[in-house]
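Below is one structure; the comments refer to it alone.
There are 4 protein chains.
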Amino acid sequence: MMRADARRNRARVLEAAEVVLARDGLSASMREIASLAGVGVGTIYRQFPAKEDLYQAIVVDRMARLAALADELATAPDAGEAFFEYFTMIVEDSTVKKVLVDALAAAGIDAKAGTPDIRGAIETLLVRAQGAGAVRGDVGMAELLALLSATCLAAQHHGWDEDLRTRTLAIVFDGLRPSPATPA
Amino acid sequence: MMRADARRNRARVLEAAEVVLARDGLSASMREIASLAGVGVGTIYRQFPAKEDLYQAIVVDRMARLAALADELATAPDAGEAFFEYFTMIVEDSTVKKVLVDALAAAGIDAKAGTPDIRGAIETLLVRAQGAGAVRGDVGMAELLALLSATCLAAQHHGWDEDLRTRTLAIVFDGLRPSPATPA
Amino acid sequence: MMRADARRNRARVLEAAEVVLARDGLSASMREIASLAGVGVGTIYRQFPAKEDLYQAIVVDRMARLAALADELATAPDAGEAFFEYFTMIVEDSTVKKVLVDALAAAGIDAKAGTPDIRGAIETLLVRAQGAGAVRGDVGMAELLALLSATCLAAQHHGWDEDLRTRTLAIVFDGLRPSPATPA
Amino acid sequence: MMRADARRNRARVLEAAEVVLARDGLSASMREIASLAGVGVGTIYRQFPAKEDLYQAIVVDRMARLAALADELATAPDAGEAFFEYFTMIVEDSTVKKVLVDALAAAGIDAKAGTPDIRGAIETLLVRAQGAGAVRGDVGMAELLALLSATCLAAQHHGWDEDLRTRTLAIVFDGLRPSPATPA
DNA sequence: TATGAATGAGTGTTCATTCAT
DNA sequence: CATGAATGAACACTCATTCAT
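Residue numbers (our numbering), protein chains in the order written: chain A, 217 to 400; chain B, 217 to 400; chain C, 217 to 400; chain D, 217 to 400.
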């Protein structure tokens, strides 16, 4: 029973922390987060020994959601479409959750999207897309994650609008696709 | 002429600020910068009335250097090569000056490479490369700067090594180049 | 109930602030006050968001005490005696709380004894004394407060001893009393 | 010759210091004073080893002027008029040079108007006025200076307008004058 | 257990004072 | 000798973290 309360508190704190971080950036204060979550600062410290732990938890939380999305798309009928849709959605999401990834990354936390489980989920999407001939076979996970990270970071920093996002990703996606010709 | 000392101090402060900013990110303290520069905090404040002015000065300094490089390459014989070389050099430079652009951008300063003079210099490179058939004609400045910013940001955040940088930029450059085929 | 501690701390801070202000004048530092109060500087800031708020609180505190004293004397049998006794007591008190009123006044805070409630209380004393023929009828509140303020200020600044205070106030009081002569 | 320059600089600094002190109060900065005086801060320090010495010099300067005024009035035909005129002028002057006396006094400098030479000059005015029957014989220098200081201080602090000054001084002067009656 | 008052090191910034020029 | 750049202690104030309640 007590566990239920604790879990709810944890969720409320994480939710509040995301909101406050998005709004105030890196300088968000624990008091602000606590107050939005409707708890005392002490309650946050019970769950997260230090501010950085709270940040870490947010990253993990986000990663988990992204991994879940990747898992879902892993069974989509069109592997190429699934791959590019996933890429697009992540960047789109980053634009909205502005400042967050930046804040976390700048906080010295690795947001490389390199947490094992998500890495695996993304790799599945990549391999399937390559198998379907939608992505060049010589593209590795390292480059893919680098591009994903780069576009997310920039989308957040500069608040890419939909048009810019579409046009920029079009170029990146073109670079990822196999050369149409070079036949004969 | 004390002015000589003052000028040297200004340079030392800027240098130290770049280093400390790169190391500690946005939260770098004036004291830390002063101590690395080997001057008192008051000396920084004589040149830069507020912390943000110091940041601004660094941005301007950097922009100026990038613009100068672009101007230089604007007269290179191979326009396509010049364009891609410029892109590569900037990203390479960013890797070394880790966190800096990010820190500055997050400080509310526009590091979009959008300062007029540098924008013009880059546009020249782009137009020439497009004229030489090295870059697709439908690529605009907005997308180009977005990609440049994205790769710089990511290179800094994650410390891309040479191999990763080469492989990632290869994909982006491929997306920027005209489709090789669709020929007669 | 932590509130008990908080209340005690507030009182200790106010007490310490009066002392330090009296000793160091306007330039009293928050650290000094905190240290004398035996609390951290943060504790002061919890109760008083800015230095000026602390000053204000002290002024309000003092005014309240002076108003209470005036109210008490308002029902004394001899109105003239009550009036002059009040004047004397305030100046006497000021001598002890050296520099305080001055410090507060110079801080841009109105210590003119002009806070509404105290103004009213003093006016009652004046009117009653005039009714009893102990004070000239043409003396207004403005002059009275000016004289009160003047003597308090000087008593503080220069540390009037009892003898000087008595002799100086005797002159002022003589000026306030109706001319003894001009009789039939 | 050099002496002339030095003397002129000293005068300019003192003049500037009075102005700046009147405007900015106690927190006036040496740089501000230097800049208004049209000299470097170092030049001030050559004449006045520390800020307090500058303040002291201003006090002395003022005292000298007040003493000169007293000397002048010492030979006026109507001793009583001279005495009250002097009192009024000093208070009036204080109102204009707002903040100055306060600033000086709060700086820990004794502005008691007790510097020997001025003390003597004022005493002459008092004795002559007493001799002329314009001031009670039992008024001593201590009370007189106390009243003078008190009214100056208050006039400055609260910016007495002409009306208030006149009415307040009227009361004080009445207290200083011999009782009109008490005759047989 | 949750709370929020208390803590104090740390921040950006100012300014009296010194001293190289 | 005047100058003003350099210094660094000091200031008001913030905030992550602790701990008494």
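Backbone N, C-alpha and C fix where the C-beta goes; we use that ideal spot for every residue, glycine too.
No experiment lies behind these values; they were computed from the predicted model shown.
My output table needs one value for V257 of chain D: the three-state DSSP class, helix, strand or coil. Judged by DSSP in its simplified three-state form, V257 of chain D adopts helix.
Based on Cα-Cα distance, which residue from C:L385, C:T340, C:P394 lies nearest to F303 of chain C? Selected option, being the one with the closest Cα: C:L385.
To the nearest angstrom, how far is the alpha carbon of I260 of chain B from that of A250 of chain B? Cα atoms of I260 of chain B and A250 of chain B: separation of roughly 7 Å, rounded to the nearest angstrom.
Would you tell me roughly how many angstroms separate the C-alpha atoms of L369 of chain B and G258 of chain C, rounded to the nearest one? Taking the straight line joining both Cα atoms gives about 38 Å.
Within 9 Å of any Cβ in chain B, is that where the Cβ of L369 of chain A sits? yes
Alpha-carbon to alpha-carbon, P265 of chain C and L341 of chain D: 52 Å
Grouping DSSP H, G and I as helix and E and B as strand, with all else coil, what is V351 of chain D? V351 of chain D sits in coil when the DSSP states are folded into three classes, being neither helix nor strand.
Going along chain D in order, which residues have a C-beta closer than 8 Å to the C-beta of S365 of chain C? A370, H373, H374
Measuring CA to CA, which of B:M357, B:V351, B:Q346, B:G349 is closest to I335 of chain B? Strictly speaking, residue 335 of chain B in this sequence is Arg, with Ile absent from that position. Cα-wise, what sits closest to R335 of chain B is B:M357.
Is it buried or exposed for S310 of chain D, if we count other Cβ within 10 angstroms and need 16 for buried? buried
How many angstroms separate the CA atom of E248 of chain C from the CA atom of R228 of chain C? 13 Å
If you measure from the beta carbon of L392 of chain C to each beta carbon in chain D, is any gap under 9 Å? yes
Residues in the region 228-256 of chain B having any Cβ partner in chain A nearer than 8 Å: G241, L242, S243
Close-in-space but distant-in-sequence residues of the same chain around A292 of chain D (CB under 6 Å, 5 per side omitted): A298
Please give me, in chain order, every unbroken run of the alpha helix (DSSP H) with length at least 4 that falls completely inside the region 345-396 of chain C. For the region 345-396 of chain C, whole alpha helix (DSSP H) runs of length 4 or above, ordered along the chain, are 357-374, 378-392.
Rounded to the nearest angstrom, what separates L289 of chain C and W376 of chain D at their Cα positions? 29 Å
Identity of the residue in C:G241, C:A222, C:M279, C:L242 nearest A253 of chain C by Cα: Nearest to A253 of chain C by C-alpha distance, out of C:G241, C:A222, C:M279, C:L242, is C:A222.
Return no unless some Cβ of chain D is closer than 9 Å to the Cβ of I387 of chain C. Closer than 9 Å to the CB of I387 of chain C there is at least one CB belonging to chain D.
When you compare the CB of T304 of chain D with every CB in chain C, is at least one pair closer than 9 Å? no
is_contact[G402 of chain B, chain A] using C-beta, thresh 9 Å: No answer is possible for residue 402 of chain B: the residues shown for chain B start at 217 and end at 400.
Taking L285 of chain A as part of the alpha helix (DSSP H), name the residues at either end of that continuous run. 267-289
Using the beta-carbon of each residue, which ones in chain B are nearer than 8 Å to E339 of chain A? Here the premise fails: no neighbours, minimum Cβ distance about 16 Å.
Looking at the unbroken alpha helix (DSSP H) that takes in A233 of chain C, where does it start and where does it end? 219-240
Taking CB distances under 9 Å as the criterion, tell me whether G362 of chain D reaches chain C. The amino acid occupying residue 362 of chain D in the given sequence is Ala; Gly does not appear at that position. It does; some Cβ of chain C falls within 9 Å.
Using a C-beta to C-beta distance shorter than 9 Å, which residues of chain D count as neighbours of S395 of chain C? D390, S395, P396, A397
Would a C-beta distance cut-off of 9 Å place V388 of chain D and I338 of chain C closer than the cut-off? No; because the gap between Cβ atoms is not below 9 Å, this pair is not in contact.
Residues in its own chain within less than 7 Å of P399 of chain C by CB, not counting five upstream and five downstream? With a pLDDT of 47 at P399 of chain C, under the threshold of 50, the predicted position of this residue should be treated as unreliable, and no value is reported.
Quick one: what does DSSP say D333 of chain D is sitting in, helix, strand or coil? Helix at D333 of chain D.
Residues of its chain near D390 of chain D, where Cβ-Cβ distance is below 6 Å and the 5 sequence neighbours each way are ignored: none
L392 of chain A beta carbon less than 9 Å from that of R344 of chain A: no
To the nearest angstrom, report how far apart A329 of chain A and E268 of chain C are at their CA atoms. Model confidence at A329 of chain A stands at a pLDDT of 46, short of 50, so the residue's coordinates are unreliable and nothing is read from them.
Can you list, in chain order, the residues of the region 268-288 of chain C whose Cβ is nearer than 8 Å to any Cβ on chain D? none
Mind listing the chain C neighbours of L380 of chain D? Cutoff is C-beta to C-beta under 9 Å, in chain order. Residues of chain C passing the Cβ test: A358, E359, A362.
Can you check whether the CB of L380 of chain D is closer than 9 Å to the CB of E301 of chain C? no
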